[in-house]
Amino acid sequence: MRLARMGSMVLLALVITEFQAFPQEKPSTKTIKAVRFGKLWDAQGKVWTNAIVIVDGGKIRSVSTDASAIPAGSETVDLSKYTGLPGLIDAHTHMTFYTDETPGVPLLKQMVNPVPAVEVFLARKGAMRTLEAGVTTVRDLGADQYMDIAMRDLINRGEMVGPRMFVCGYGLYITATPFRKEGTPPAGGIADGVPEVLRAVRQQIAAGADVIKMYGSTGTDDDVTGFETYTFEEMKAAVDMAHQFGKKIAIHSYGPEGARDAVRAGTDSLEHATDMDDATIREMAKRGTYYVPTIDHNRYYIDNGDKIGYAPGYKERLQAFIPRNLETARKAFKASVKFAMGSDAIYTMFGENTRELGWFVKAGMTPEQALKTATVNGATLLGKENELGAVAPGYVADLVAVEGDPLSDINVVLNNVKWVMKDGVVVVDHRQHAGTNH
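Numbering-wise, the numbering used here comes out as the position in the sequence shown, counting from 1, plus 58.
And the structure:
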């Protein structure tokens, strides 16, 4: 007993030593911060010069240029060398599908039979890289074993540092495996026919999903086929059930047929869709359907396909698909379809989330219009237009500082993020001689 007790004391001492080895942040008595920007784009139609944003806890109290409005005793953060933006929103990610570049091990192979606890723990790296890109909120559209719900909740509880997550649990998809006599239970999310679709939607909501995801066509990774998989009736059933529970729905379709039926069924957002006909695009504009084209993720696959482990021929397929994807986005923009920025980040793509904005500019948007897809539009798609996506009184204190003028050069947002605040807490600071003035 004595030896056991001594062993326990030694273990306790080791735990205490290990805990003390990490610097513990001292609680600040100053809950009010005055953040000063040289310029500030507030996403509400105004560019402020010498802006002062008063942050009280996790919310924005005021925006002004009046230094006398700074409350006595508040903490001042001097970002006068930078341009301020709202925290950005990535409307299409897969945060739990994070992989490291282990030499000699294809990324696809690393994702086989994942252990949930390990995957969620590793995903913290991608979460941090996402914040470093200035993205403070994501919509996560598909995970295994409800790892996305676990990750969302850990972040919300302050146990993990990462962007605010709105998650879907399992995406709905049709049976795509052969019959097995052993009776292996079906994978999560499989649903064939209207009754099963209704059940699967209810299951995701019961698990705690914020949004519903449905795979309306083939197409993923190096597969750029777009064969429609769900019928209009099945899509309509999913849409109606999601809306009945107050949830929005995103429908994936690489091809035009699935896109057409998804829009007719009333989807809130359409993911990827390429080669859409003019009638579908007009219907999207009429209904206010959001388009999340995810053009850049195929660029990422081309750059990294060998590391991922794709079969030969993938580059040619993807290189042929990207111009069609871009041209569809160009047509949709001309037709006044609403866009939201979505990266479809997966594997090692986290941190490159905002490269999609560069494609939006190529599709005809001004830098400011592109930025709106990642702020006000993303917030509206989430149903959080009065909380996220703008720098204004009452909004969540998500702020980003970039070096340069993002309204004249979108690459400033892609490459020059220097500082990020989420919920009133500084989570990224890459300034030279970073410091806080008090």
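Note that the Cβ used here is the ideal one computed from N, Cα and C, for glycine as well.
One alpha carbon belongs to D354, the other to A181, and they sit about 21 Å apart. Fully enclosed beta strand (DSSP E) runs of no fewer than 3 residues occupy 269 to 273 of the stretch 229 to 279, in order along the chain. Apart from sequence neighbours up to five positions away, the residues of its chain that approach D206 with a beta-carbon distance below 6 Å are T154, D198, V225, ordered along the chain. For the pair M209 and T151, the Cα-to-Cα distance works out to about 13 Å. Residue pairing from DSSP places R197 in a beta bridge opposite F224. For the set I112, V483, T287, the Cα lying nearest the Cα of G316 is the one of T287. Distance from the CA atom of M299 to the CA atom of V176, rounded to whole angstroms, is 33 Å.
Around the CB of P464, 16 or more other CB atoms lie within 10 Å, so the residue is classed as buried. In terms of CA proximity to G371, D279 leads the group V196, Q168, D279. In this structure, the CA atom of L472 is about 14 Å from the CA atom of G400. Counting only the Cα atoms, K117 lies some 25 Å from G266. For the set G229, V121, R388, the Cα lying nearest the Cα of T332 is the one of R388.
Rounded to whole angstroms, E461 and K476 show a C-alpha spacing of 7 Å. Taking 9 Å as the cut-off, the Cβ atoms of T433 and G422 do not count as close. In the displayed model, I90 falls within a strand according to three-state DSSP. Counting C-beta pairs with one atom in each stretch, the stretch 114 to 128 and the stretch 404 to 423 have fewer than three that are closer than 8 Å, which means they do not touch. Within the stretch 280 to 358, the complete alpha helix (DSSP H) segments of 4 residues or longer fall at 290 to 302, 314 to 323, 336 to 345, listed in chain order.
Per DSSP, R210 is one residue of the alpha helix (DSSP H) stretching across 205 to 214.
Restricting attention to G346, D487, M334, D136, the CA atom closest to the CA of Y312 is found in M334.
Its Cα nearest to that of T134, the residue V113 stands out among A149, I270, V113. Judged by DSSP in its simplified three-state form, E159 adopts coil rather than helix or strand. The continuous stretches of alpha helix (DSSP H) do not include L446, and DSSP gives it neither H nor E. The Cβ atoms of A296 and R318 lie no closer than 9 Å to each other.
Judged by DSSP in its simplified three-state form, M218 adopts coil rather than helix or strand. Excluding residues up to 5 positions away in sequence, W106, T107, N108, A109, I110 lie with their Cβ nearer than 8 Å to the Cβ of T123 in the same chain. Take L376, set aside five residues on each side of it, and the residues of its chain with a beta-carbon closer than 7 Å to its own are D280, V282, N356, Y359, I360, in chain order. Beyond the five residues adjoining it in sequence on each side, Y273 comes within less than 6 Å, by CB distance, of G229, Y231, H310 in the same chain, given in chain order.
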